[in-house]
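J.: In this note's numbering, the protein residues as written are 1 to 144.
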């Protein structure tokens with residue numbers, strides 16, 4: 001096996017591990033009784049809006065690489081559940097700014113605390129490994 005094939009195999013294995021971890025974390029989120037269940041798309045939109053308060057709908061769809069119709073459907077659900085609210089964009093009256101509500105923030109805080117606890121149980125307290133893993137995942141996210 002050449003170095004290139006070994007390297008590609010290792011990268012493919014890493015991708016598989018990341019996908020498995022994402023499914024595992026998603027199952028943790030869905031099993032929390034105190035949290036309103038959301039689809040993967042709805043959760044992605046909510047998490048983006050939480051991390052980018054005041055963002056515009058078109059920015060969210062573009063950054064998440066979503067079709068406009070899928071994004072619009074997810075946003076409608078989040079608004080109906082009172083998780084996201086729109087306000088007029090002061091710099092452009094044709095669009096809106098998005099923000100999470102207090103209800104959404106409580107749900108997000110429960111999920112993040114639960115994720116942290118479950119990851120701590122699985123990974124331990126080795127902060128350098130956690131930081132290295134996060135740095136790797138942040139690089140992947142920014143290379144899209």
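Think of the CB as a built atom: it goes at the ideal place given N, C-alpha and C, for glycine as much as any other residue. As the structure is a computational prediction, the values presented were derived from the model and not from experiment.
DSSP three-state label for residue 128, please.
T.: Three-state DSSP puts residue 128 in a helix.
J.: Could you name the residues that DSSP lists as bridge partners for residue 85?
T.: Answer is 99.
J.: Give a yes or no on contact between the stretch 126 to 136 and the stretch 93 to 110, applying the rule of three or more CB pairs nearer than 8 Å.
T.: No: fewer than three Cβ pairs fall under 8 Å.
J.: Relative to the C-alpha of residue 109, which candidate in 17, 7, 50 and 45 has its C-alpha closest?
T.: Ranking the options by Cα distance to residue 109, first place goes to 50.
J.: Closest to residue 55 by CA distance: which of 86, 41 and 21 is it?
T.: Among 86, 41 and 21, the Cα nearest to that of residue 55 belongs to 86.
J.: Express the C-alpha separation of residue 131 and residue 122 in angstroms, rounding to a whole number.
T.: Between residue 122 and residue 131, the C-alpha separation is close to 15 Å.
J.: Measure the alpha-carbon distance for residue 116 versus residue 25 and round it to whole angstroms.
T.: Roughly 10 Å separates the two Cα atoms.
J.: Count the other C-beta atoms from every protein chain shown that fall within 10 angstroms of the C-beta of residue 8, then say buried if there are 16 or more, exposed otherwise.
T.: Result: exposed.
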